[in-house]
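Student:
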Amino acid sequence: MSLPPLRRPAPTRTGFECDPAFVAGQFAAGVAVLVAAIAVASALPRLPWGLVDPLLVLIGSHPVINALIKALTVTVFVTVHVIFLIWLERKFAGWMQARLGPMHVGWKGALQTIADAVKLLMKEDIIPTRADRILFIAAPFLTFMPTLLTFMVLPFSEKWVAYDFPLGILFVLAVTTNISLGTLAAGWGANNKYSLLGGARACAQVLSYEIPMAVAMLSVVTLEGTMSLTEIVKHQQHGWNIIAHAPVMIPAFLIFMVCGLAELNRTPFDLPEAESELVSGFHTEYSGMRFAFFYLGEFAANFFTAGLAVTLFFGGWLGPWLPAPIWFGIKTIAVVTLFMWIKWTVPRLRVDQMMGFCWKFLVPASVVVFCATAVWVMVAGS
Amino acid sequence: MTAMQPAVGASTSSDMTINLGPQHPSTHGVLRLMVALDGEYVKSCRPVVGYLHRGLERMMAARPYRQSVPFTDRLDYCASLNSNLAISQAIERIGGMAVPERAQYLRVMLCEMNRIASHLIFFGTYAADIGATTAFLYAFRERERLLDLLEAYTGARLTCNWIRPGGVASDMPEGYAQAVCAFLDGFLKELDAYDTLLTGNPIFRVRTEGVGIISPEKAIAYGASGPVLRGSGVNIDLRRTEPYDAYPRTQFDVPLRTEGDCLARYLVRVEEMRQSARIIRQCLREMPEGEHWGKQPKVFRPAAGEAYSRTESPRGELSIYLVSDGTANPVRVRVRGPSFVHLSMLPELVRGVKVADMIAILGSLDTVLGEVDR
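Chains E and L, in that order, are what the protein sequence lines are.
Per my numbering, the first sequence starts with residue 414, numbered consecutively.
Per my numbering, the second sequence starts with residue 368, numbered consecutively.
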């Protein structure tokens with residue numbers, strides 16, 4: 414008896430073999446972006462700044478204009494680097510999940526984020542009728558502003574810091590706490606039950622994890638004897654904290670990283686926006702640019718937390734050959750990638766497990782590390 | 368307004384009634400759960416079904432017996448071939464048709480391939496329910512390769528409509544056995560990797576271990592079947608206890624766990640994929656030459672009477688009951704689906720657990736709404 418014709422030929426290639434060309438392409442793309450970034454950044458100091466310098470000094474000496482220029486620079490940087498970070502995240506996720514990620518807009522999808530931003534800008538601005546209008550409108554900015562403020566004290570190099578605040582760490586701790594205010598406002602203001610649950614979760618989570626994170630940061634302060642972020646980096650001239658003081662700083666760094674994940678609402682701590690439970694949590698009702706602000710804040714916070722980790726533990730901008738901000742960028746992107754790696758690997762904790770992990774493990778552990786640091790300083794000092 | 372109130376549990380002012388679905392990321396279809404929450408705790412849950420009701424049983428009863436096979440594709444759309452098998456067996460029983468031996472092997476092979484595809488959906492969506500998106504995409508990659516194979520044979524990826532009363536629609540295409548074997552080789556390797564990614568993950572463990580425990584007594588009382596029943600330590604697999612087609616001639620283990628929690632049901636399904644691969648290999652090796660299609664009457668008018676077929680679908684016992692009055696159309700077609708039974712356990716299982724656990728429990732029951740609503 415004759416066989417009916419095949420609709421499609423039986424697949425011969427099993428497809429399990431890794432495609433070297435694809436992997437090489439992805440890798441080359443990453444390297445090319447890195448090289449381009451380095452080239453641009455190293456060309457910057459070579460530009461004839463000398464010609465504009467007197468003008469800059471003249472304008473910059475006025476305190477208000479000086480502050481305005483700094484504020485503008487920080488804002489532009491935060492907005493622009495997020496475009497790159499989102500692309501990186503999507504590419505990285507694609508790489509981990511055996512798919513391509515964005516490919517169509519621009520080279521390897523590099524302009525995808527810009528296209529998305531344009532789309533979000535053109536979307537209808539929807540405010541639910543029963544929402545608390547003031548809170549609903551304020552929430553994205555309440556979330557984004559503290560993140561923006563933290564960039565003020567983040568040292569990209571000895572000179573590249575908007576405001577070298579002597580109490581930098583205290584400032585960071587004080588400002589980042591306010592992020593939970595925004596998420597709570599979003600959760601409450603949207604008048605949506607998923608949002609409310611997400612907002613409540615976010616608030617509980619951020620406030621709880623702030624404590625071990627602060628204690629871990631205080632360990633560094635104890636070690637360095639200063640709260641200024643630039644001073645902390647300068648003290649690491651002869652060895653990064655995580656290497657020079659490994660016995661106490663490695664545990665402190667791990668606690669900091671775990672708390673950082675929780676502060677950023679990333680898996681395994683993405684409970685506030687747990688997709689399978691709460692649709693998208695506190696920002697369920699947001700669309701268009703209001704949603705974009707949450708996204709912007711989230712990714713900017715990502716970069717900031719990574720930058721803070723680099724500053725506290727990995728010698729900030731210090732490094733040979735390359736200009737200081739480049740070193741800072743490379744290290745920070747490496748930590749950001751670590752965040753992404755964790756995010757795309759692990760499942761999500763349950764709310765009681767998340768709280769229990771913080772209060773029953775991280776808080777005691779951070780206190781132990783803090784005390785150990787004090788002993789370490791005493792021993793090393795004598 | 369009374370319809371909006373949860374069915375069980377006293378409602379107080381601090382309760383919040385929340386509707387999960389019918390459009391919700393974790394309900395795997397158009398299931399609606401009316402949940403009364405007290406903070407993060409579930410006080411009561413009422414599943415609302417019927418959004419996908421198409422009257423399939425009546426539609427099947429309204430036409431000649433053999434035309435009802437395509438409707439079964441739409442029952443459990445994740446495992447259409449297993450549903451095809453259930454109706455084909457019922458029709459064969461009521462009409463006294465014989466199935467050639469080669470067709471029996473082909474049927475078992477197809478059913479087990481579809482079982483793997485179905486369990487892969489479970490694996491992926493369950494990982495996504497727990498929050499691990501990467502495992503989800505890996506599972507769908509494997510499933511895609513399997514669906515390519517099914518398409519190469521049956522011409523369809525999802526609604527295969529290939530197992531017919533009296534046999535299967537056609538024999539395997541040339542080179543198909545090799546393609547299936549090549550897939551299985553790679554699949555088992557990949558499955559081990561996924562296992563490492565998810566099963567061993569401590570977060571996955573704490574999310575599933577001891578969550579949604581179903582005691583063997585409760586499982587039996589509700590009429591649970593398939594991996595849900597075997598996850599509770601009751602060793603009933605219709606492929607073993609009431610073997611049909613080529614199953615009596617194949618060697619395979621029935622995975623059994625006694626914990627009865629979400630993890631047990633998950634582990635049973637993962638192990639079943641390995642056993643399915645084993646069965647497929649045996650089928651390909653031992654398949655005799657011959658016809659794929661038994662002798663068929665031109666006009667099919669079975670004598671008045673009834674027939675009942677029980678099959679082990681990926682989700683559990685899928686049975687079909689047929690009543691004939693001697694005419695060309697059945698008087699009654701009744702589908703007994705596992706998903707509906709398992710969904711009926713949900714309100715009891717989720718009372719007092721947290722929202723996240725409810726999602727984990729719902730996912731572990733692995734219901735398909737096409738078969739719940741029919």
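Virtual Cβ for every residue (Gly too), placed ideally from N, Cα, C.
DSSP on E/M610, reduced to helix/strand/coil?
Tutor: Position 197 of the first sequence, counting from 1, holds the residue named residue 610 of chain E. It is worth fixing the name first, because residue 610 of chain E is Leu in this sequence and not Met. Helix.
Student: Which residues bound the alpha helix (DSSP H) around L/S686?
Tutor: Working through the second sequence from its first residue, we reach residue 686 of chain L at position 319. Premise fails: L/S686 lies in the beta strand (DSSP E), 683 to 691, not in any alpha helix (DSSP H).
Student: Output the distance between the C-alpha atoms of L/G593 and L/R682, rounded to the nearest integer angstrom.
Tutor: Walking along the second sequence from the start, residue 593 of chain L turns up at place 226. Walking along the second sequence from the start, residue 682 of chain L turns up at place 315. So the alpha carbons of these two residues sit roughly 6 Å apart.
Student: Strictly below 8 Å CB to CB, what residues from chain L border E/W520?
Tutor: Taking the first residue of the first sequence as position 1, residue 520 of chain E is located at position 107. Those within 8 Å of E/W520 in chain L number zero; the least Cβ separation is about 24 Å.
Student: Looking only at C-alpha atoms, which of L/A519, L/I497, L/A560, L/E511 sits nearest to L/T570?
Tutor: Looking up residue 570 of chain L in the second sequence gives position 203. The amino acid occupying residue 570 of chain L in the given sequence is Ile; Thr does not appear at that position. Nearest C-alpha to L/I570: L/I497.
Student: Could you pull the start and end residues of the alpha helix (DSSP H) that L/S731 belongs to?
Tutor: Numbered from 1 along the second sequence, position 364 holds the residue referred to as residue 731 of chain L. Note, L/S731: alpha helix (DSSP H), 722 to 732.
Student: Could you pull out every residue in the same chain whose Cβ sits closer than 8 Å to the Cβ of E/L457, ignoring the five residues on either side in sequence?
Tutor: What you label residue 457 of chain E is simply residue 44 of the first sequence in a count that begins at 1. Excluding residues within five positions, none has a Cβ falling inside 8 Å.
Student: Quick one: is L/E407 near chain E, going by C-beta distance under 8 Å?
Tutor: For the purposes of this step, residue 407 of chain L is taken as residue 40 along the second sequence, with counting starting at 1. So yes, L/E407 belongs to the interface.
Student: Apart from the five residues on each side of it in sequence, which residues of its chain come closer than 6 Å, Cβ to Cβ, to E/Q525?
Tutor: In the first sequence, counting from the first residue as 1, residue 525 of chain E sits at position 112. Cβ neighbours of E/Q525 beyond the five flanking positions: P515, V518.
Student: By the DSSP assignment, the alpha helix (DSSP H) with E/T750 in it spans what residues?
Tutor: Here the question's residue 750 of chain E lines up with position 337 in the first sequence. Per DSSP, E/T750 belongs to the alpha helix (DSSP H) from 737 to 756.
Student: Quick check on DSSP: helix, strand or coil for L/E673?
Tutor: Against the second sequence, residue 673 of chain L aligns to sequence position 306. L/E673: strand per DSSP, three-state reduction.
Student: Please report how far the alpha carbon of E/K521 lies from the alpha carbon of L/D515, in whole angstroms.
Tutor: Taking the first sequence and counting its residues from 1, one reaches residue 521 of chain E at position 108. Taking the second sequence and counting its residues from 1, one reaches residue 515 of chain L at position 148. Going from the Cα of E/K521 to the Cα of L/D515 covers about 28 Å.
Student: Anything in the segment 497 to 511 of chain E with a Cβ closer than 7 Å to a Cβ of chain L? List those residues in chain order, please.
Tutor: From the segment 497 to 511 of chain E, only M509, Q510, A511 have a Cβ closer than 7 Å to chain L.
Student: Can you check whether the C-beta of E/V692 is within less than 8 Å of a C-beta belonging to chain L?
Tutor: Counted from its first residue, the first sequence places residue 692 of chain E at position 279. Yes, its Cβ sits closer than 8 Å to a Cβ of chain L.
Student: For L/G406, count neighbouring C-beta atoms within 10 Å of its own C-beta (all shown protein chains included) and say buried if the count is 16 or more, exposed if not.
Tutor: What you label residue 406 of chain L is simply residue 39 of the second sequence in a count that begins at 1. Flag for L/G406 reads exposed.
Student: Are any of the Cβ atoms in chain E nearer than 8 Å to that of L/N481?
Tutor: As a first step, residue 481 of chain L is located in the second sequence; it is residue number 114 there, counting from the start. L/N481 does not count as touching chain E.
Student: So which residues of chain L does E/R761 contact, with C-beta pairs closer than 8 Å?
Tutor: Here residue 761 of chain E refers to the residue found at position 348 when the first sequence is read from its first residue. Correct list: I497, G498, A499, I570, R574, A723.
Student: If you draw a straight line from the alpha carbon of E/F706 to that of E/F557, how long is it in whole angstroms?
Tutor: Your numbering for residue 706 of chain E matches position 293 in the first sequence. Your numbering for residue 557 of chain E matches position 144 in the first sequence. Approximately 6 Å between the Cα atoms of the pair.
Student: Can you tell me whether DSSP reads L/E679 as helix, strand or coil?
Tutor: Looking up residue 679 of chain L in the second sequence gives position 312. If DSSP states are grouped into helix, strand and coil, L/E679 belongs with the strands.
Student: Considering only residues of the segment 547 to 600 of chain L, which uninterrupted alpha helix (DSSP H) runs meet the minimum length of 4 residues and lie entirely inside it, listed in chain order?
Tutor: Qualifying alpha helix (DSSP H) stretches, in chain order: 569 to 575, 583 to 589, 593 to 598.
Student: How is L/A695 classed by DSSP in three states: helix, strand or coil?
Tutor: As a first step, residue 695 of chain L is located in the second sequence; it is residue number 328 there, counting from the start. L/A695 falls in the coil class under three-state DSSP.
Student: Under the assumption that E/A613 contacts E/F549 (Cβ atoms under 8 Å), give the Cβ distance between them as a whole number of angstroms.
Tutor: On the first sequence, position 200 is the one that residue 613 of chain E refers to. On the first sequence, position 136 is the one that residue 549 of chain E refers to. That pair is no contact at about 17 Å.
Student: Using a Cβ-Cβ cutoff of less than 6 Å, which residues in the same chain neighbour L/I687 once the five nearest sequence positions on both sides are dropped?
Tutor: Locating residue 687 of chain L in the second sequence gives position 320, where the first residue counts as 1. Within the same chain, L/I687 has close Cβ partners A453, I454, A457, S676, V702.
Student: Consider the Cβ of E/V803: report whether some Cβ of chain L lies at a distance smaller than 8 Å.
Tutor: Missing from the structure shown is residue 803 of chain E; chain E here goes from 414 to 795 and no further.
Student: What does E/D545 reach in chain L if we use C-beta pairs closer than 9 Å?
Tutor: Taking the first sequence and counting its residues from 1, one reaches residue 545 of chain E at position 132. In chain order: nothing, as chain L lies at least about 17 Å away.
Student: How long is the line joining the alpha carbons of E/A737 and E/I451, rounded to whole angstroms?
Tutor: Taking the first sequence and counting its residues from 1, the one referred to as residue 737 of chain E is at position 324. Taking the first sequence and counting its residues from 1, the one referred to as residue 451 of chain E is at position 38. Answer to the nearest angstrom: the Cα atoms are 11 Å apart.
Student: Between L/G730, L/D740, L/E738, which lies nearest to L/T492 when the distance is taken from Cα to Cα?
Tutor: In the second sequence, the residue the question calls residue 492 of chain L occupies position 125. Closest option to L/T492, Cα to Cα, is L/G730.
Student: Which residues in the same chain as E/H648 place their Cβ atom closer than 6 Å to its Cβ, once the five residues preceding and following it in sequence are excluded?
Tutor: Along the first sequence, read from residue 1 onward, the residue named residue 648 of chain E stands at position 235. Taken in chain order, the residues that qualify are E637.
Student: What residue does the beta strand (DSSP E) around L/M401 start on, and which one ends it?
Tutor: Locating residue 401 of chain L in the second sequence gives position 34, where the first residue counts as 1. That run of the beta strand (DSSP E) goes 399 to 405.
Student: Find the nearest neighbour of E/D765 within the set E/A528, E/L684, E/V448, judged by alpha-carbon distance.
Tutor: As a first step, residue 765 of chain E is located in the first sequence; it is residue number 352 there, counting from the start. Looking at the Cα atoms, E/L684 is the closest of the given residues.
Student: For the segment 634 to 664 of chain L, which residues have a beta carbon sitting closer than 7 Å to at least one beta carbon of chain E?
Tutor: Under the 7 Å Cβ criterion, the segment 634 to 664 of chain L contributes no residue.
Student: Please name the residue, chosen from L/Y408, L/P414, L/V402, L/V700, that lies closest to L/G396 on a Cα-to-Cα basis.
Tutor: Counting from 1 along the second sequence, the entry for residue 396 of chain L is found at position 29. Among L/Y408, L/P414, L/V402, L/V700, the Cα nearest to that of L/G396 belongs to L/P414.
Student: Nearest to L/L473 by alpha carbon, out of L/C650, L/S680, L/R668, L/V735?
Tutor: As a working mapping, residue 473 of chain L is identified with position 106 in the second sequence. It is L/C650.
Student: Between E/Y708, E/P681, E/M662, which lies nearest to E/W789 when the distance is taken from Cα to Cα?
Tutor: Along the first sequence, read from residue 1 onward, the residue named residue 789 of chain E stands at position 376. Per the Cα distances, E/M662.
Student: Output yes or no for whether 8 Å exceeds the beta carbon distance between L/E424 and L/V717.
Tutor: Counting from 1 along the second sequence, the entry for residue 424 of chain L is found at position 57. Counting from 1 along the second sequence, the entry for residue 717 of chain L is found at position 350. Contact: no.
Student: Find the residues of chain E that neighbour L/Y472, judging by a C-beta separation of less than 7 Å, and give them in chain order.
Tutor: Residue 472 of chain L sits at position 105 when you count from the first residue of the second sequence. The premise fails here: L/Y472 is roughly 17 Å from chain E at the closest Cβ pair, so nothing lies under 7 Å.
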